[in-house]
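Number of protein chains: 2
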Amino acid sequence: MTLGNSENQTVPNSHNMHHHETNHETRHLTQVLKRAESEGTNVAAKGCCLQSTRYVSLTEKIEKRIENNDRWYSLEFFPPRTPSGAANLIGCFDRMAVGQPLFCDITWHPAGDPASDKETSSMMIANTMLNYCGIDTMLHITCYGAKKEAMLSYLNKAKDFGIRNLLALRGDPPVGEEWDPNKSDFRYGLDLVKFIRQHFEDYFVICVAGYPQGHPDSTSYEEDLGYLKEKVDCGADFVITQLFFQAETFIKFESDCRAIGITCPIIPGIFPIQGYASLRNIVRLAKLDVPKEILACIEPIKDNDEAIRHFGVQTCLDLCRDLLESGKVHGLHFYTLNREFATIEILKKLGLWLEEQPMRALPWKKTSSNFSRSKENVRPIFWSIRPKSYVHRTSNWNEFPNGRWGLSSAPSFGMLTDYHLFYMKLDASRDELLDEWGRELTSEEDVWRMFACYISGEKNQIGKVIRHFPWTDEELSSETSLIQTNLVEINRRGILTINSQPAVNGKPSSDPIVGWGTLDGYVYQKAYLEFFTSADNIPALRHVLKSFPNVNYHFVNKSGKVNETNIDDEQPIAVTWGVFTGREIIQPTVVDSVSFMIWKDEAFSLWTERWGKLYEPESRSHAIIENIADTYFLVNLVDNAYPEGSSLWTILEAMFEYQKSAKNTNNAS
Amino acid sequence: MTLGNSENQTVPNSHNMHHHETNHETRHLTQVLKRAESEGTNVAAKGCCLQSTRYVSLTEKIEKRIENNDRWYSLEFFPPRTPSGAANLIGCFDRMAVGQPLFCDITWHPAGDPASDKETSSMMIANTMLNYCGIDTMLHITCYGAKKEAMLSYLNKAKDFGIRNLLALRGDPPVGEEWDPNKSDFRYGLDLVKFIRQHFEDYFVICVAGYPQGHPDSTSYEEDLGYLKEKVDCGADFVITQLFFQAETFIKFESDCRAIGITCPIIPGIFPIQGYASLRNIVRLAKLDVPKEILACIEPIKDNDEAIRHFGVQTCLDLCRDLLESGKVHGLHFYTLNREFATIEILKKLGLWLEEQPMRALPWKKTSSNFSRSKENVRPIFWSIRPKSYVHRTSNWNEFPNGRWGLSSAPSFGMLTDYHLFYMKLDASRDELLDEWGRELTSEEDVWRMFACYISGEKNQIGKVIRHFPWTDEELSSETSLIQTNLVEINRRGILTINSQPAVNGKPSSDPIVGWGTLDGYVYQKAYLEFFTSADNIPALRHVLKSFPNVNYHFVNKSGKVNETNIDDEQPIAVTWGVFTGREIIQPTVVDSVSFMIWKDEAFSLWTERWGKLYEPESRSHAIIENIADTYFLVNLVDNAYPEGSSLWTILEAMFEYQKSAKNTNNAS
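The structure is reproduced here in structure tokens:
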């Protein structure tokens, strides 16, 4: 909206905060699923073979919610100033996505090179939100400073990223500047609406801004209403309003809109007051008056941040409840100022934060909201712990594997280096990571202990819980808990696991830990283990594996010079699959020897890029990590005999035994 | 070879003969599988995703057998004179295929319009053998009467049918004619070899004839050997010999060939004496002398067919054993004269008839040996009882479903009428069929009883076992036995089942009844039932099905005007699938609502075409069948809850109950 880039502070990491709160208004799972179904590609059905994958526009989704008298919310963010701010913001998107907003939007920041490839640009943040965080995304676009040709290139770029929703705004000149007609081919939001429809027909959903108190530059409220009507008549699909402080402001505005024939959805823009300074700033930019009642409350507490936040949440809650109770409002659009706390608190109290997660549509933790990937339903298991990396490395694909992995997709993975540029950055500082992974390593065993602590959740030697891990974008998956004891045990002994899954033999697809897909199916998994281990273990492992013909293995060192597998190059192995009512079998994760060789480079590089680089180049710690990267093997094991559980633990035990007896023999001789 | 079309009698139907004989030399299954693996597309691996589907030529297969010291045989047939003879011969191919010949060949019959589309032509018989009977096929081709342009068109036609093996021969002019050089552009087999290599490079495997006693038209044995050398040098891949009577004839010939540098495989042609007249005829055509010892034995018994056959089998057995024991022979090529008896007896006694069947590569009873279909591994279940029809109706497809059915294949099914022209003919006479299905029908219940008898194997009212069935190419599958009692019961009550399978929840793939694929897997099925039933049952069925959300149904009448299903048009349902070591899930049979509508026309038409037509048009029997075809519904049911077995029997029972109570209510009111 007209909100400037007035705030860009980061908030304390609230990662796990919402997991421990109760929410009495949580909606029931079936309701979520029902909704998902009606919306085709949203929530549980997102990007998934389990639903017919017709494109369902954001407008259709909003109309469906209205029709079903079903409530929703959306969240607005602005682009960050710095790459590390961007990494933080992406973390924030991931956390906010948990609550299932219908969409999120990102403001257009003309001064910030908004269409560039910089990590901080509006365009790239929208791209990330859509493709990496799996959120249905709306990108703002403004008139100021835009020539037609440039606008066309912006819109095409947004289209190429898969963005389908635009908020078309006039936008203000930078603070202190006057509107310079030579700089822009567009004068009003209306011009943009017409331009977009002219060049892209119905490809984009177009949202426009409504001003419940009139636009500050309009001569009258009525003139402004007429102008809004014109925008809608020229092709805008729905309206989001500027912030306001009182429900009656919106309610009157809505009626006035209806009275002059605006029939599309009108969504109130909600601004939770989160601080005195930010409030002053916003109202200044939006040229709004803060009602006296609010000022009267706030002035006395203006130096007490805590009190202001508390007041802000309460005031906002009252406003939202009044709006929802009016019957004219089904969805609320929040101006978050890139902060999570207050908005999440309000959403939870309103029962709009969907605490109860829908069924995973597929075993992956996250699916893209990009419609071009909506039919994708097969991925190699290797990247299941790094979905952003996978999405990035396959972003140039025109078609995605559907139904089976096949043979054709593997060779065209994007370069590893592109990815490292940005998405590898975690929202943790070097200092935090050193605390977690060890300030000084004295032996490889120190590394083994880090792996064991990470998996067990136990504190490390200096009493820190290890929350980050070089090989994962995500938290440990809940199914890890099923094999945690075994995993911890082998990690302590130098089998450094980076990915694993237990065997599952036909559990109901509704199983809270291993289930996915629709409720009427059965899910299966082959036991899988992927780990780094010392080259010393390889001969013993090779020996033991001879007795396990049902186990597929692949070991490879960093250079790839040693590369042994019994997996057929042309035969990917399904390791997760599901059988559902009325469908073909769905086999979403595979182990594939060709893409394993691509993953291998990424997996080895993370030792250096994510861990080794924390230490001084000449330090012993650095040398230990580099030595592991250079000499250890990456191994994957699949036990195909899933009805019998997993023989992988037996294999590793036998490997240790064989090692020991070989050593004894050597010592004796 | 030079064998003319001298015999064309049919032999008594020996369909089940070989099932009851013991064979002490039967090879072990694992050996069969090992062999299949080494040959890529043969036997168990035939046309199947379970093997890498590299094209393996017949020459490679023969060389592999020699390398592995593994024995094999092949069978030669000549084209039939009449369409009914063709139907008989195809039945014979099906029965002989059971014993797993390495390949079969069909002679070129210049007088019989050999390249035409007639059912009896050499070309069409080879096409059928390859594509419908699943036998690796060799087509003879001869010089006499062939111009270059015609020859090119023959070869291209063979190529289009998927034929990869040719036996290039000179061929003799028709009896009584002299060689007319104006009629042929080719004079010798050598010319053909050169021509084929020139135009088709290595596409075809080329076999040529060798004459252990010299070609009758050669001036000397040595000249003839030199000529054979030239054929091999010009591109022939292996040699099959003219028939001979004594092992030493072949052994000397083989040594002589090796001595002059012929290194390719040389296969002895074996002629089991099956009658006095046919022996005389053959030797006359081949211009051979029958050894005195044989004549001395045969002359005294020449009027005793039984004794001659017995003598023929014994003599042939001795010859074959001598050849095999010489160490120079791994494969035997039999001149069958289109008769099964003697050859099967000899093969069994030699231990070459592979009594023990290999694992089915896929659940289908028969797979094509055509390499173009080698990657096909998904078919709709409807045609599983009519594989020839399916192959025919999809013979114009360029790609076959692999991995999943998808959506694209369905619309291009070939016309039903094409198929009806020929392949619908069964090797049973109208009289036999009337005996089995009833000479006079008095009610629909008579029809129901026929269905029940067919499935139970019980004799019908006039004491005949029902061996034929309008809807099947094949015998009942062995898994039918698992649900036979239930099936018989519902057929008696007017649920006329034409296809069914029991639920299977992860049985070993080696299971003798429901197993398929390689030995290291697990197989699954959803219970499936397809039946015709009176329109009266449909409302009750519709009502009952409401309580079974896990069941997919589809009912349709002949016109298709009533067409109800809860199956998504875009979602085929996997009803048979398997999970194997190191592979993606294989889901070879599906229920698909689009192809069901195509199958529906075929299924309804069989009432009329196969059954109704047996009766006089004005007869009551005819009217009963036509009335069923016109008014009954075709129904399919899939129970998706396979771990719980099948609820389909419960559903039908509930349907009958509901019917009964509805009737009682009607009667009471």
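Chains G and H, in that order, are what the protein sequence lines are.
Position 662 of the first sequence, counting from 1, maps to 662 under full-length UniProt numbering, and the rest follow consecutively.
Position 638 of the second sequence, counting from 1, maps to 638 under full-length UniProt numbering, and the rest follow consecutively.
For every residue, glycine included, the Cβ atom is placed at its ideal position computed from N, Cα and C.
Since the model is a prediction, treat every value here as computed from it, not as a measurement.
Assumed close pair residue i, residue j - CB separation to whole angstroms, cut-off 8 Å
i, j, result
"H/K558", "H/F604", "4 Å"
"H/V590", "H/V575", "6 Å"
"H/R187", "H/C143", "6 Å"
"G/D639", "G/A503", "7 Å"
"H/F633", "H/T533", "6 Å"
"G/L482", "G/T497", "Wrong, their Cβ atoms sit about 14 Å apart, outside the cutoff."
"H/I125", "H/L89", "7 Å"
"G/V544", "G/Y658", "6 Å"
"G/K231", "G/V193", "5 Å"
"H/S661", "H/F548", "Their Cβ separation, rounded to whole angstroms, is 18 Å, which puts H/S661 and H/F548 out of contact at 8 Å."
"H/E479", "H/Q461", "With 8 Å as the limit, H/E479 and H/Q461 do not qualify as a contact, their Cβ atoms being about 28 Å apart."
"H/K388", "H/Y132", "5 Å"
"H/I298", "H/G269", "No, H/I298 and H/G269 are not in contact; Cβ-Cβ is about 20 Å, not under 8 Å."
N- and C-terminal bounds of the beta strand (DSSP E) containing residue i
i, result
"G/T142", "T137 to T142"
"H/L496", "L496 to Q501"
"G/Y528", "A527 to T533"
"residue 725 of chain H", "For chain H, the structure presents residues 1 to 669; residue 725 of chain H sits outside this window and is missing."
"H/R564", "Contrary to the premise, residue 564 of chain H reads as Glu rather than Arg in this sequence. N563 to T565 is the span of the beta strand (DSSP E), which, as asked, contains H/E564."
"H/L634", "F633 to D639"
"H/Y73", "W72 to F77"
"G/I381", "Note, G/I381: premise wrong, no beta strand (DSSP E); not H, not E."
Pair within 9 Å by beta-carbon distance, residue i and residue j
i, j, result
"G/P272", "G/G312", "yes"
"H/V98", "H/R164", "no"
"G/W599", "G/W383", "yes"
"G/Y553", "G/E564", "yes"
"H/G331", "H/I260", "no"
"H/C207", "H/D237", "yes"
"G/C320", "G/I344", "no"
"G/A247", "G/L323", "yes"
"H/F103", "H/N338", "no"
"H/E584", "G/I573", "yes"
"G/L476", "G/N636", "no"
"G/L243", "G/A286", "yes"
"G/L416", "G/R393", "yes"
"G/G438", "G/M450", "yes"
Unbroken alpha helix (DSSP H) run spanning residue i, endpoints
i, result
"G/T343", "F341 to L350"
"H/Q314", "D305 to E325"
"H/Y276", "Y276 to A286"
"G/A574", "Counting along the chain, G/A574 falls outside any alpha helix (DSSP H), though it belongs to the beta strand (DSSP E) covering I573 to F580."
"H/Y154", "K148 to F161"
"G/N552", "Taken as a continuous stretch (DSSP letters only), G/N552 belongs to no alpha helix (DSSP H), being part of the beta strand (DSSP E) at V551 to N557."
For residue i, the residue or residues it bridges with in DSSP
i, result
"G/A168", "G/I141 and G/V208"
"G/F238", "G/C207"
"G/P508", "G/Y522"
"H/Y335", "H/E76"
"G/K459", "G/V465"
- Query: Of all the residues that make up the stretch 577 to 592 of chain H, which are near chain G by a beta-carbon distance shorter than 8 Å?
  - Reply: W577, V579, F580, T581, G582, R583, E584, I585, Q587 and V590
- With 7 Å as the limit, tell me which residues of the stretch 313 to 326 of chain H have their beta carbon closer than that to any beta carbon of chain G; keep them in chain order. none
- Contact residues within the stretch 494 to 527 of chain H, judged by C-beta distance below 9 Å to chain G: N505, G506, D520, G521, Y522, Y524 and K526
- Could you name the residues of the stretch 548 to 574 of chain H whose beta carbon sits closer than 8 Å to any beta carbon of chain G, in the order they occur along the chain? P549, N550, N552, N566, I567, D568, E570, Q571, P572, I573 and A574
- Query: Mind listing which residues of the stretch 620 to 643 of chain G have their C-beta closer than 7 Å to chain H's C-betas, in chain order?
  - Reply: N640 and P643
- Listed from N- to C-terminal order along the chain, which residues in the stretch 388 to 405 of chain G have their beta-carbon within a distance smaller than 9 Å of any beta-carbon of chain H? N402, G403, R404 and W405
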